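Quick notes on the structure that follows.
Numbering (mature numbering (1 follows the signal peptide of the UniProt record, and there is no 0)), first residue to last: -18 to -1, 1 to 320.
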């Protein structure tokens, strides 16, 4: 009889252990769990029957909980409704509605308990495993800009870090057009900048210019559930607050460019009052007219480039032609009122 009782207890323990293991929400590094909600959400759920979530990630990672909607029946001493987060021996308790609740763990495992007596809760949260993502390393050379663009979206929960370096006697300057969701403390979408003066955070629609304290710098872009944020940065080497100026030899090289003057009347317009000084960007058009469309001929549009400008939510695309290694010719209206 005693043997049967012991076996029953052992089987019950093993069964409970298996159920507990299955109930754990396990997140790989950088992954997201989006279904951290009360059963009847967006409507309120009774909390007389406690609800428990156990969330675990890899040992070197941490967990971030963000709740876009967090409503509890407000009561003194958390009697009606409460939510507790247990994290490596620490307990954080919430007893009322919180606007945009965010919690970052100190360990790789947390236990969330929702309960109370006679109260209700309506909660919608996400849990994200956070750790520095695999970085990209980029060398910035003199006299050459590096362009960083994230605009193809949406990319939900995008998270990327870039490390930049240049020669030790130089610094790195960023000119960034940022178009991210504007929220309090930038908790949904954020650009984090590390230029030697601590972490700086940016969100919303804005243009920012910042220069590193030395030859090293990093930026990190984190997007939220919608993943619709956009970023464009031009990154260049600099001696200080100003970008590197072209050398005298480089200026003399540009000034010494000589080519034969040509006529552009094949386009049907009158020649301009001043002759050309460079043949880059000339259209090698056939004299016949195009009817109902036709594929471009080889070299018909040489040296064509796309110019992109970002102004908050607005974004301008213009065409241009390279005329020197430092200059692009484009239409005047592209730069009007800029």
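Note that beta-carbon positions come from the ideal geometry of N, C-alpha and C, so glycine has one too. These numbers were taken from a predicted model, which means no experiment stands behind them.
Beta-carbon proximity check, residue i vs residue j, cutoff 8 Å
i, j, result
"residue 54", "residue 97", "no"
"residue 111", "residue 43", "yes"
"residue 171", "residue 135", "no"
"residue 90", "residue 39", "yes"
"residue 7", "residue 103", "no"
"residue 117", "residue 144", "yes"
"residue 67", "residue 85", "yes"
"residue 203", "residue 132", "yes"
"residue 138", "residue 208", "yes"
"residue 174", "residue 181", "yes"
Distance between residue j and residue i (C-alpha atoms, nearest Å)
i, j, result
"residue 155", "residue 193", "4 Å"
"residue 217", "residue 179", "18 Å"
"residue 188", "residue 59", "44 Å"
"residue 300", "residue 71", "58 Å"
"residue 24", "residue 99", "20 Å"
"residue 37", "residue 287", "50 Å"
"residue 245", "residue 303", "Bear in mind that the predicted position of residue 245 carries a pLDDT of just 46, short of 50, making it too unreliable to give a figure here."
"residue 210", "residue 169", "15 Å"
"residue 313", "residue 21", "58 Å"
"residue 120", "residue 151", "17 Å"
"residue 79", "residue 113", "29 Å"
"residue 160", "residue 142", "15 Å"
"residue 241", "residue 199", "Caution applies to residue 241, whose pLDDT of 47 falls short of 50 and renders its modelled position unreliable; the model cannot decide the point."
"residue 130", "residue 123", "15 Å"
"residue 146", "residue 153", "10 Å"
"residue 73", "residue 13", "24 Å"
"residue 316", "residue 140", "32 Å"
"residue 92", "residue 61", "23 Å"
"residue 343", "residue 220", "This structure gives no information on residue 343, because the portion of the chain shown stretches from -18 to 320."
"residue 310", "residue 48", "46 Å"
"residue 248", "residue 201", "Annotation note: pLDDT 43 at residue 248 (below 50); position unreliable, no value reported."
"residue 69", "residue 190", "37 Å"
"residue 298", "residue 34", "50 Å"
"residue 10", "residue 87", "15 Å"
"residue 321", "residue 26", "As shown, the chain starts at -18 and ends at 320. That puts residue 321 outside it, with no answer to give."
"residue 127", "residue 308", "11 Å"
Option in the options with minimal Cα separation from residue i
i, options, result
"residue 197", "309, 148, 16", "148"
"residue 83", "65, 52, 161", "52"
"residue 50", "67, 81, 69, 28", "81"
"residue 63", "92, 29, 95", "29"
"residue 94", "199, 32, 127, 290", "32"
"residue 158", "57, 215, 315", "215"
"residue 77", "57, 88, 69", "57"
Whole-number beta carbon distance between residue j and residue i, since they are thought to touch under 8 Å
i, j, result
"residue 195", "residue 177", "6 Å"
"residue 18", "residue 107", "4 Å"
"residue 185", "residue 163", "6 Å"
CB contact below 8 Å: residue i versus chain D
i, result
"residue 106", "Checking the listed chains, one finds no chain D in this structure; it contains a single protein chain."
Which whole runs of the alpha helix (DSSP H) in the segment 75 to 112 are 4 residues long or more, in chain order?
-> With a minimum length of 4 residues, there is no unbroken run of alpha helix (DSSP H) contained wholly in the segment 75 to 112.
Mind listing, in chain order, the continuous beta strand (DSSP E) runs of no fewer than 3 residues lying wholly within the segment 133 to 214?
-> List check, beta strand (DSSP E) in window: 141 to 147, 153 to 161, 172 to 176, 181 to 184, 187 to 193, 198 to 204.
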